[in-house]
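Have a look at the structure below before the remarks.
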Amino acid sequence: MSETAQRETHGFQTEVGKLLHLVTHSLYSNKEIFLRELVSNAADAADKLRFKALSDNDLYENDGELRVRISADKDAGTLTISDNGIGMTRDQVIEHLGTIAKSGTSEFFNQLSGDESKDSQLIGQFGVGFYSAFIVADRVTVRSRAAGFGADAGVQWESAGEGDFTVEDINKTDRGTDIILHLRDEEKEFLDDWRLRQIVNKYSDHISIAVEMWKEEVPEQDGPDGEKIAAVPASWDKVNTAKALWTREKSDISDDEYGEFYRHISHDFEAPMTWSHNRVEGTHDYTSLLFIPKRAPFDMWNRESKHGLKLYVQRVFIMDDAEQFMPTYLRFVKGVLDSNDLPLNVSRELLQDSKVTDAMRKACTKRVLQMLEKLAKKDADKYQEFWKEFGNVLKEGPAEDAANKEKIAGLLRFASTENDTAEQTVALADYIERMKEGQDKIYYVVADSFNSAKSSPHLEVFRKKGVEVLLMSERVDEWLISHLNEFDGKQLVSVTRGALDLGDLEDDADKEAQKALEESSEGLVERIKTSLGEAVKEVRVTHRLTNSPACIVVDEHDMSSQMVKLMKAAGQPVPEQKFILEVNPEHDLVKQMDALQAEDTFAEWSQLLLDQATLAEQGTLDDPASFVARVNKLLLNQG
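Sequential numbering from 20 applies to the sequence shown in the numbering used here.
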C-alpha cells in the first residue's frame with residue numbers, strides 16, 4: 020500500500036471544530052471527568068465484544084478476560100487508557116472520531132450555561148465524551164484494531180484538536196483500542212497513581228469490567244518481629260469492584276453509588292431524582308434498576324432519538340436502548356434490566372414477540388408509576404419539579420396505555436380557576452375533593468395559551484357559581500382529553516362543547532329563569548339565524564355567559580376547535596365544520612341589536628357578533644380584513 024493511502028489528513032466536521040475550540044480554550048473546574056468518559060467508552064467496547072462473541076467466539080482471539088487498563092508514563096508525560104474490546108476499523112475511526120453526525124452537538128452549544136463545571140459535564144451527556152480528552156491533553160493518539168481482523172488491520176488516529184486529524188495504517192497485534200493522552204504541563208497531576216485510583220474509585224467502581232492499573236514491584240521486607248515479608252512482583256492490579264452494581268444487595272449500596280451509576284449510564288451531570296432497585300423471582304427472574312432524572316434530556320421531543328433501558332441477559336450486555344421494556348410516554352426513564360429468562364442470542368424480533376418481554380414491560384411500567392405515586396405523596400414540591408420537566412410527556416400516557424389510564428390520570432397536574440396561575444399543581448383527586456355540593460362532573464377548558472383559557476367567556480357562569488374549571492393550554496392537552504373521559508367515576512366535560520348541563524348545581528329558580536329567557540328571545544334568535552344563514556350550525560340562547568355578548572361552541576360529537584387548529588397546523592385535511600353561536604340576550608350590545616329595524620344593519624351586527632366570538636375562541640379569523648372593515652363601518656354609523 021502506498022504512503023498516500025496509508026496516511027491521510029482529514030478536516031474535522033464543523034461542529035467538532037467548534038466543540039474542540041470550546042474544550043481546548045476553556046478552563047474547567049472539574050477536569051477529572053475526562054477519565055470517567057474514556058473509561059466508560061472503553062467498558063462499552065468490551066460489552067459490545069462480549070455480545071458479538073455470543074455468535075462468533077473466535078472474536079475473543081484466545082483472550083476472553085475483558086478489561087480496561089490505565090497506565091501513566093511520567094517521563095513521556097502520557098496517560099494511556101486501553102481496552103481489549105471490539106475495536107475499530109479505519110472507516111469506523113474516521114466516522115466516530117471525525118464527525119458527530121448524531122450526537123446533537125448543536126443542542127450541546129445551546130445548553131451551555133456559563134458555569135464551567137456544569138458545562139464540562141455536558142460533554143458526556145451529548146454523546147461527545149471522547150473529546151473530553153482535550154480538556155487535559157494538547158494531543159491525542161488513538162491506536163485501534165477491530166476484533167476478528169489481522170494485525171495489519173490496525174489504524175492510528177492523531178490530532179492536536181486544532182481543526183484536522185491524521186489517520187494511518189499500523190500493525191497492532193492485540194485487538195481493542197489504546198487512547199494516548201499527551202498531557203499539558205499543567206495537567207501532570209493525572210500521572211499520579213493515587214490520583215488516578217481515586218478518580219476510578221469515584222466514578223467507575225460500579226462498572227462490571229475490571230479497571231486495572233500497573234502496580235510496581237514491592238521488594239522483600241523485614242517484618243516488625245524480624246520475619247521476612249515476601250516480595251510482591253509487579254503486576255496489573257484491579258482497582259474497581261468490577262461487579263455489576265445491580266447484582267449487589269440494596270443494603271450494601273450507598274446513595275452516592277446509585278448516583279454515580281446513574282451518571283455512568285445516562286451521562287447526566289446531576290444525581291437522579293429518585294430510583295427503584297428490584298429483584299423479581301418467580302414466574303420470571305430478572306433485576307431492574309430504574310432511575311427518574313431531575314432534568315429532561317435535550318432530545319426528549321425528537322421522535323427519532325433512541326430511548327429505553329440497558330438490557331443484560333445473565334449479566335451479559337445485549338443492547339443499549341431496549342425500548343421494548345418501557346412505553347414511549349416513560350421515555351425519560353433510565354436504567355438497567357438484567358433477565359435470566361431471555362436467551363443469550365436474543366434478537367430485537369424476539370423481544371417484540373416474547374410473552375416474557377410483555378410481562379417484564381408491564382412490571383417495569385408499574386414500578387415507575389409506583390415510584391411517581393410515592394414521590395407525589397411523600398414530597399409534593401419534588402414531584403412538582405418532576406412535573407415541570409416531564410409532565411407533558413406523561414400526558415401521552417392515557418392514549419398509549421389503557422391498562423394504566425387511571426394510575427396515570429392520578430399523576431397528572433393542571434392549572435385551574437382555583438388559583439388562576441399558570442402553575443400546573445392541581446391533581447384530579449384534589450379537584451374532586453373541592454367539588455361543590457351537587458356537582459358530579461369535572462369541568463375543563465382547552466385553549467392556545469393559559470391567558471386564553473383563563474379569560475375564556477365560557478367560564479363566566481362557572482365563576483359566578485364558584486365552580487372550579489381546569490385550564491388546559493399545552494398542545495398535548497387536546498390529545499390527552501380525547502382519551503381521558505373520566506376519573507374516579509367522574510366524567511370530564513368540556514365547557515365549550517354541547518349544551519351546558521349544570522345538573523344539581525342549578526336550582527329550580529335558575530331553570531325557570533333560563534326557560535323564560537329562551538322563550539322571550541325566540542324572535543331575536545330567529546333573526547340572527549336568518550342573517551347568518553349557512554355560516555353557523557345553530558343559534559341559541561346561552562347558558563354559559565354572564566358578561567359577554569356571545570360565544571361559539573361545538574356540538575357534542577363534533578371535533579373541537581382546538582383539534583381543528585392542531586390538524587391544520589400539522590397539514591392534515593380537516594372536514595368542514597360549523598359552530599353553534601350562543602348569544603346573551605341580557606347583554607347591552609345584544610339588546611341594542613334587537614332594537615334595530617334595518618335588517619341589513621342587523622345582519623352586519625350579527626356577523627360581527629360571530630366574528631368576535633370566533634376570535635375569542637380561536638384567536639384567528641379566516642378573513643380578518645373583512646372583520647376590520649365591518650367594525651369600521653359600524654363605528655362610523657354609530658357616529
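A virtual CB, placed ideally from N, CA and C, is assigned to each residue, including glycine. Predicted model, so just to flag it, every value in this text is computed and none were measured.
| Item | Value |
| --- | --- |
| Cα-Cα, which of E505, K584, D449, F336 is closest to L634? | K584 |
| Given a threshold of 16 other Cβ atoms within 10 Å of its Cβ, counted over all protein chains shown, does P594 qualify as buried or as exposed? | exposed |
| Using the C-alpha atoms, what's the distance from N81 back to L54? | 28 Å |
| Assuming M390 is part of the alpha helix (DSSP H), what are its boundary residues? | 374–397 |
| Is it buried or exposed for P592, if we count other Cβ within 10 angstroms and need 16 for buried? | exposed |
| Examine the Cβ distances between the segment 100–109 and the segment 166–185 and report whether three or more of them are shorter than 8 Å. | yes |
| Hey, would you say W294 sits closer than 9 Å to Y281, going by beta carbons? | yes |
| At the level of alpha carbons, what is the spacing between G143 and E268? | Residue placement at G143 is flagged as unreliable, the pLDDT there being 42, under the threshold of 50; a coordinate-derived value is accordingly withheld. |
| How is the beta strand (DSSP E) around R55 delimited, first residue to last? | That residue, R55, is in no beta strand (DSSP E); its alpha helix (DSSP H) goes 52–71. |
| Rounding to the nearest angstrom, what Cα-Cα distance links F351 and F409 in this structure? | 8 Å |
| Would you mind stating whether L447 and F433 have Cβ atoms separated by less than 9 Å? | yes |
| Would you call S273 buried or exposed, if buried means 16 or more other Cβ atoms sit within 10 Å of its Cβ? | exposed |
| If you reduce the DSSP assignment to three classes, tell me which class S625 lands in. | helix |
| In this structure, how does DSSP classify V332 when only helix, strand and coil are distinguished? | strand |
| Pull up the distance between the alpha-carbon of V647 and that of D459, whole angstroms please. | 43 Å |
| If the criterion is Cβ atoms closer than 9 Å, does the pair I199 and T97 meet it? | yes |
| Within the same chain, show all residues whose beta-carbon is closer than 6 Å to that of E206, passing over the 5 residues directly before and after it, in chain order. | V155 |
| DSSP on V495, reduced to helix/strand/coil? | helix |
| Is it right to say V465 is buried, meaning 16 or more other beta carbons lie within 10 angstroms of its own, or is it exposed? | buried |
| Given this structure, state the Cα-to-Cα distance separating A290 from L308, to the nearest angstrom. | 15 Å |
| Whole angstroms is fine: what's the gap from A535's alpha carbon to L524's? | 19 Å |
| With a threshold of 6 Å on Cβ separation, who are the neighbours of R164 within its own chain once the five nearest residues in sequence on each side are excluded? | G106, A172, G173, K191, R194 |
| Within this structure, are the beta carbons of R62 and S223 separated by less than 9 Å? | Sequence check: residue 62 is Ala here, not Arg. In this structure, S223 lies closer than 9 Å to A62 by Cβ. |
| Counting only runs of 4+ residues fully inside the segment 81–123, write out the alpha helix (DSSP H) ranges in chain order. | 109–117 |
| Can you name, in chain order, every residue of its own chain whose Cβ lies under 8 Å from the Cβ of N656, other than the five neighbours on each side? | T620 |
| By the three-class DSSP mapping on this structure, what secondary structure does A648 have? | helix |
| Just list the beta strand (DSSP E) runs in the segment 509–533, keeping only unbroken ones of 3 residues or longer that don't cross its boundaries, in chain order. | 509–513 |
| With a cut-off of 8 Å on the beta carbons, I'd call D467 and G638 a contact; round off their distance for me. | 5 Å |
| With a CB to CB cut of under 7 Å and the five nearest residues on each side skipped, what residues in its chain are close to S254? | K234 |
| Smallest Cα separation from F598: which of H606, E553, N359, K257? | E553 |
| Are the beta-carbon atoms of N603 and L654 separated by less than 9 Å? | no |
| Nearest CA to the CA of F336: which residue from L361, W320, R314? | L361 |
| Considering Cα atoms alone, identify which of R298, L431, D577 is closest to D449. | L431 |
| Using DSSP with H/G/I as helix, E/B as strand and the rest coil, what is R482? | helix |
| Determine the burial state of D162: buried for a count of at least 16 other Cβ atoms within 10 Å of its Cβ, exposed for fewer. | As written in the sequence, residue 162 is Arg, which differs from the Asp given in the question. With 16 or more Cβ atoms within 10 Å of its Cβ, R162 is classed as buried. |
| Where in the segment 417–473 do unbroken runs of the alpha helix (DSSP H), each at least 4 residues long, occur, reported from the N-terminal end onward? | 424–430, 447–452, 469–473 |
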